[in-house]
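Under this note's numbering, think of the first position of the sequence shown as 1056, with each following residue one higher.
Beta carbons are placed, not taken as given, at the ideal position from N, Cα and C, and that holds for glycine.
Structure record follows, encoded as structure tokens.
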Amino acid sequence: MFTINFFKMKRSIDIAISFIFLFFVSTIQGQEKSENKNTLYKQSVLGVTSQWHSLTLPKEALAYTNLDYSDLRIWAITKDSKTLEVPYFLLDNQNKSKEQSIEFQLLNQSKTQNGYYYTFKVHQNSTISSIELNLNQSNFDWKTTVEGSFNQSEWFTLSQDQRLVSLENNSEHLRSTTLRFSPSNYSYYRVFIASNIDPKLVSAGLTTKKSTQESLMEFSVQNQRVIQDKKNKTTTIDLDFPMAVEISKIALFPTSNFEYHRPISISYNLKGIKTEKGVIYPMENLLNTNLVYGKSSTYTFPKTRLKKLKIIIENGPNEPLSFAQTQVLGSLPVFYVRFPKAESYYVTYGDSSLISPKYDIAYFQDSLSKNLTPVELDKNVVAIGQKNAPAKNQKNSILLWVLLGSLMLLLGYFSFKMLQSK
């Protein structure tokens, strides 16, 4: 009987000890995760002198912000110590193009037996890429010719046989009266419409496509390794950066002086993963393309945040390529901010659980000036915690020790019973 009771009690003690250990480890891990999750970073905003400013997030902050900057908050402290949330929006300064109207004068309109001519004079030195015609006619299909000239003596053809079309009936309404051509820079433009009736030109518009290019900066590469793998017949370029960067362009500089046409793949990594064998860096595919002799070896892609880059060139049975230093280009995020009157301002970031705020000003971006005075962040970065985090951690610690005490009492009770049975 004693032997049976002894083994039962021993088994109960083992279970209790295992439970204590597992609970202790899981609680500590939970506290660590909670502390990491609630860690915020704070930087003061310097140079606020008016309501609207631009704010560029420094590259050092990219290691702690969410990929979509949803954790970024800007705060204002008023004279009476009230804290106000400051609205902002992320400026979309990716490369894009938009049509811009050009000032002009309709010099003359004339008619021949073949059709109607309209001559326009441009008031400034501008590049034109389209002419829109407002015609007071319906149901037509006319061919056109667009010409350009510097002196109205010699004309150069810009477009021929483009059609002006209008189809209107009870079931359809189709109208196309814009003539497009390659960007051209002339003082005069002439449109010929092959029509036997008056097109009745009411007005016209000369426009150009203006490209707004994102301003890129070069990021320093901490380490570049070129690995020639004879077995797999590849050349690998590994790039490491001292901190997280956001890039959108890579330029390779092959130094080999013979013809080549090689498939290449570009992959990246932002964060390492700890394993029993050490830290690993799983790579995600970024771009698959070709590296061709005599052609551009600069590659663009959507803005991507990373700390490591891997470029693999498939050599096949060909001689491996050699490379000089790789150039990596990107940009820092720019925000447009509407500051209220206050005594001081600061930003916070780092809480991965936050979602992007929805401010009204995001719907009025087009009405704002694109030349706002920039403000800066103080170089001093302060690590802070969320207001409720310390109380929550303290509560968890008290609960942990209460449960541990209860389990120790239970363990002592079983031990006493076992000794009493002896």
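{"Query": "With 16 other Cβ atoms within 10 Å as the buried cut-off, status of A1438", "Result": "exposed"}
{"Query": "Opposing strand residues paired with A1306 [DSSP bridges]", "Result": "T1353 and Q1382"}
{"Query": "Inter-residue Cα distance where the pair is K1450 and L1095", "Result": "Residue confidence is low: K1450 scores 49 on pLDDT, short of 50, so the model does not pin down where it sits. No coordinate-derived value is stated."}
{"Query": "Minimum C-alpha distance to Y1414 - residue among H1228, Y1244, F1390 and S1386", "Result": "F1390"}
{"Query": "Same chain only: Cβ atoms within 6 Å of A1118, ignoring 5 sequence neighbours per side", "Result": "M1298 and A1299"}
{"Query": "Distance, F1313 Cα to D1293 Cα", "Result": "23 Å"}
{"Query": "Neighbourhood of F1356 by C-beta, 7 Å cutoff - its chain only, sequence neighbours within 5 removed", "Result": "S1303, L1341 and L1342"}
{"Query": "Own chain partners of L1145 with C-beta closer than 7 Å, once the 5 adjacent residues on each side are dropped", "Result": "Y1124, P1388 and F1390"}
{"Query": "For I1335: DSSP bridge partner residues", "Result": "I1328"}
{"Query": "Other residues of its chain near L1122: CB distance less than 7 Å, five sequence neighbours each side excluded", "Result": "R1360"}
{"Query": "Contact set for S1386: own chain, Cβ-Cβ below 8 Å, skip 5 residues either direction", "Result": "N1148, E1269, S1270, L1271, M1272, E1301, S1303 and K1358"}
{"Query": "Cβ-based burial, K1362 [other Cβ within 10 Å; buried from 16]", "Result": "buried"}
{"Query": "Proximity below 7 Å, CB of V1402 to CB of Q1160", "Result": "no"}
{"Query": "CB contact flag (F1195, S1221, <7 Å)", "Result": "yes"}
{"Query": "Where the beta strand (DSSP E) containing N1169 begins and where it ends", "Result": "That residue, N1169, is in no beta strand (DSSP E); it is neither H nor E in DSSP."}
{"Query": "Boundaries (first-last residue) of the beta strand (DSSP E) holding S1377", "Result": "From DSSP, S1377 is part of no beta strand (DSSP E); its letter is neither H nor E."}
{"Query": "heavy atom of the ligand PLP below 6 Å from F1308 C-beta", "Result": "Inclusion of the ligand PLP in the displayed structure is not the case, the ligand content being empty and no account of it being possible."}
{"Query": "Stretch pair the region 1223-1232 + the region 1176-1194: three plus CB contacts closer than 8 Å", "Result": "yes"}
{"Query": "Local conformation of G1460 per DSSP, three classes", "Result": "helix"}
{"Query": "Of the listed residues R1218, E1202, Q1217 and L1219, nearest to F1211 (C-alpha basis)", "Result": "E1202"}
{"Query": "For H1108, the nearest candidate out of S1351, T1428 and K1288 (CA to CA)", "Result": "T1428"}
{"Query": "Contact under 7 Å by Cβ, S1204 with Y1243", "Result": "yes"}
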